[in-house]
Structure formats: structure tokens, C-alpha cells
Amino acid sequence: MPEPRRLLITGANGSLGHATARYFLEHDPLCLVFLGVRERRERAESLVAEFPGRAFLCPLEITQQESWVEAVSQIESEGGGPLSVLINNAGYHDDALLATMTQPQWSGVLDANLNAVFWGCQAALQPMMRQRWGRIVNVASLSALHSPAGQTNYAAAKAGVIGLTQSLAKETARLGITVNAICPGHIEGALPTSWSEEQIKAVRRETPMRRFARPEEIAAVVFFLASPEASYMTGASLKLDGALV
Numbered sequence: 002m003p004e005p006r007r008l009l010i011t012g013a014n015g016s017l018g019h020a021t022a023r024y025f026l027e028h029d030p031l032c033l034v035f036l037g038v039r040e041r042r043e044r045a046e047s048l049v050a051e052f053p054g055r056a057f058l059c060p061l062e063i064t065q066q067e068s069w070v071e072a073v074s075q076i077e078s079e080g081g082g083p084l085s086v087l088i089n090n091a092g093y094h095d096d097a098l099l100a101t102m103t104q105p106q107w108s109g110v111l112d113a114n115l116n117a118v119f120w121g122c123q124a125a126l127q128p129m130m131r132q133r134w135g136r137i138v139n140v141a142s143l144s145a146l147h148s149p150a151g152q153t154n155y156a157a158a159k160a161g162v163i164g165l166t167q168s169l170a171k172e173t174a175r176l177g178i179t180v181n182a183i184c185p186g187h188i189e190g191a192l193p194t195s196w197s198e199e200q201i202k203a204v205r206r207e208t209p210m211r212r213f214a215r216p217e218e219i220a221a222v223v224f225f226l227a228s229p230e231a232s233y234m235t236g237a238s239l240k241l242d243g244a245l246v
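Using my numbering, the first residue of the sequence shown is number 2, and each one after it goes up by one.
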């Protein structure tokens, strides 16, 4: 019987993290999915209840190195083997014009969106190098490629994720470990809460597909990047935006 893949998905209680976890659980009956969460665990807990023995809560503070070490250790002890797939999905934005942006706004967004990816990749590399196989998928953002006003902190962090991805892919290419990034545009269920209905309609009209992405459409791309079949694809940054840019 093939060895089951053991996945860690951060931000597993958000729309994209939840959809990605569900996609793996439904499309790979052997995989074990560890749901990295800190608080607001309700959606993650619902997956644990729906997929007993295959979905597990994994308490994780993504900005703390020791929390990552504990999470990787938990996966090995509860999953019966080492971590093989890391999906760095957690993050947030705290928008402001640079002239009025506070230092906590800047450093908080950099910590959660870039430094956390560094800690996660570093923790995941140890078990992946032992296996000489692994998949890392970093969720960047369209803001990294087409940066809007008012998001200097978020755009800088996500652009950093792309740079980290490309460099790390070169470091691990001979070890059977691929590292890729995705740059989603607007996703249903994850639109800014500050947007009015008129703003939502305007952005939808600007998108050539005239709609936003469904979370499961993004999850399907992550699923491929994490698969054995994606063995020659590394260092890529895929734009998933309905041709908006």
C-alpha cells in the first residue's frame, strides 16, 4: 500500500484553507491532513468530525519558531510518519497609506505573511530532507505582482514570499523537494469586509471572467502542485486571477 502523505495546512479555518483541506481529504483517500489553527477553530473542527482519523487539529502560532517545531513533532507522532507537504496559507492584511501606517501595522503584516513562511519552510525541511521528498506551496497574492495603493506592507510581504520561494526552490531542487507559490486574486468568501456591495460589483466587472474565484478552484491548483506528478515544477509563481492582470 502506498505511504500516506501527511499535510500541514496553515490558516485552515479561513475560506481558502478550509476548502484546500477538504479538497485533499476528498480527492486523496490516503492523505492525513493537519489543520494549523490558532483560534476560531470551528470550521477546522467540523472537518475533524467529518473525517475522523484523517483530519487533525494542530495548534500553531505561525510567527513563533518553537510552535512550528512542536507542530512538526505532533504530525510525526500522531500521523505515524514525517510531514511531507506544507501549505503556507495563513496570513492577513492591515491596509493603510504608507504615510500614516503605524509600525505595528507594518511589522505585524510582515511577521504573519513573510516571517511565518520562513519559519514554516525551515521546520518542514528537516523531515522532507530525511525523506528526500516533499512539497511546499506558499500562498502569496496578486498584490505581490500588481500592488494596489494602501498595501505597501502586504504587497512587500507577499513579494518577499515569491522571492523566498524561487530561492528555496533552487536550494532543494536536487533533494526531491519542490517549492512553488500561487498568487490568487479575489476569492469568494474571502473578500475584504470593508467593501460595499457597489465596490464588489465594480471589481467583478473589472475582472474579465466577470466573477471571483471559487475557493475549490484555487485548492485544485494547490492539490496539483503538492502531487507526485508535479515533480518537475518548482520555483513557479502561478497567477490565479481570472485574467484581471
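Beta carbons: idealized from backbone N, C-alpha and C, even for Gly.
**Study point:** Proximal residues to Met2 (C-beta, below 6 angstroms), its chain only, five neighbours per side dropped
**Key:** Position 1 of the sequence shown holds residue 2. Because Met2 carries a pLDDT of 41, less than 50, the predicted location of this residue cannot be relied on, and no value is offered for it.
Check your understanding: What are the boundary residues of the alpha helix (DSSP H) that Phe213 is part of?
Key -> For the purposes of this step, residue 213 is identified with residue 212 of the sequence shown, where counting begins at 1. For Phe213, there is no enclosing alpha helix (DSSP H), as DSSP marks it with neither H nor E.
Exercise for review: Provide the residue(s) that pair with Gln152 in DSSP beta bridges, ordered along the chain.
Suggested key: Walking along the sequence shown from the start, residue 152 turns up at place 151. Under DSSP, Gln152 shares a beta bridge with Ala97.
Review point. According to DSSP, is Ala191 helix, strand or coil?
Key: Position 190 of the sequence shown, counted from the first residue, corresponds to residue 191. Per DSSP, reduced to three states, the secondary structure at Ala191 is coil, with no helix or strand assignment.
Review point. With DSSP run on the structure shown, which of helix, strand or coil describes Met2?
Key: As a first step, residue 2 is located in the sequence shown; it is residue number 1 there, counting from the start. Any reading at Met2 is ruled out, since the residue's pLDDT is 41, under 50, leaving its predicted position unreliable.
Check your understanding: Quick one: what's got a C-beta closer than 8 angstroms to Thr64's C-beta in the same chain, skipping five residues either side?
Key -> Working through the sequence shown from its first residue, we reach residue 64 at position 63. Result list for Thr64: Asp112, Ala113, Asn116, Ala117, Trp120, in chain order.
Review point. Given 8 angstroms as the limit, is there contact between the segment 185 to 204 and the segment 125 to 144, that is, 3 or more CB pairs closer than that?
Key: The segment 185 to 204 vs the segment 125 to 144: in contact.
Point to revise | For Phe57, the three-state DSSP class (helix, strand or coil) | key: Counted from its first residue, the sequence shown places residue 57 at position 56. DSSP places Phe57 in the strand class (E or B) of the three-state scheme.
Point to revise | Bridge-paired residues (DSSP) for Phe35 | key: Along the sequence shown, read from residue 1 onward, the residue named residue 35 stands at position 34. According to DSSP, Phe35 bridges with Leu9, Phe57.
Point to revise | Burial state of His28 (16 or more Cβ within 10 Å) | key: Within the sequence shown, numbered from 1, the residue matching residue 28 stands at position 27. His28 comes out exposed.
Point to revise | Nearest neighbour of Phe52, chosen from Trp69, Ser78, Tyr24 [CA to CA] | key: Position 51 of the sequence shown, counted from the first residue, corresponds to residue 52. With respect to the C-alpha of Phe52, the residue from Trp69, Ser78, Tyr24 having the closest C-alpha is Tyr24.
**Study point:** Option in Ala125, Arg131, Leu17 with minimal Cα separation from Asn263
**Key:** What the structure shows of the chain is the stretch from 2 to 246, and residue 263 is not part of that stretch, so it cannot be assessed.
Practice item. Could you tell me how far apart the beta carbons of Trp134 and Ser74 are, in whole angstroms, since I believe they sit closer than 8 angstroms? Key: Locating residue 134 in the sequence shown gives position 133, counting from the first residue. Locating residue 74 in the sequence shown gives position 73, counting from the first residue. Contact between Trp134 and Ser74 fails: their C-beta atoms lie close to 19 angstroms from each other, not under 8 angstroms.
Review point. Closest to Ala182 by CA distance: which of Glu40, Leu165, Pro229 is it?
Key: Counting from 1 along the sequence shown, the entry for residue 182 is found at position 181. Looking from the CA of Ala182, the closest CA among Glu40, Leu165, Pro229 belongs to Leu165.
**Study point:** Bridge partner(s) assigned by DSSP for Ser144
**Key:** Translated into positions along the sequence shown, residue 144 becomes position 143. None; Ser144 has no bridge partner.
Check your understanding: Does the Cβ of Val246 have 16 or more other Cβ atoms within 10 Å, making it buried, or fewer, making it exposed?
Key -> One-based indexing of the sequence shown puts residue 246 at position 245. By the 10 Å Cβ count, Val246 comes out exposed.
Point to revise | Gly180, DSSP secondary structure in three states | key: Taking the first residue of the sequence shown as 1, we reach residue 180 at position 179. In the sequence as presented, Gly is not what sits at residue 180; that position holds Val. The three-state reading of DSSP puts Val180 in strand, counting E and B together.
Check your understanding: Could you give the distance in angstroms between the alpha-carbon of Thr103 and the alpha-carbon of Asp95?
Key -> Residue 103 sits at position 102 when you count from the first residue of the sequence shown. Residue 95 sits at position 94 when you count from the first residue of the sequence shown. Computed Cα separation, rounded: 10 angstroms.
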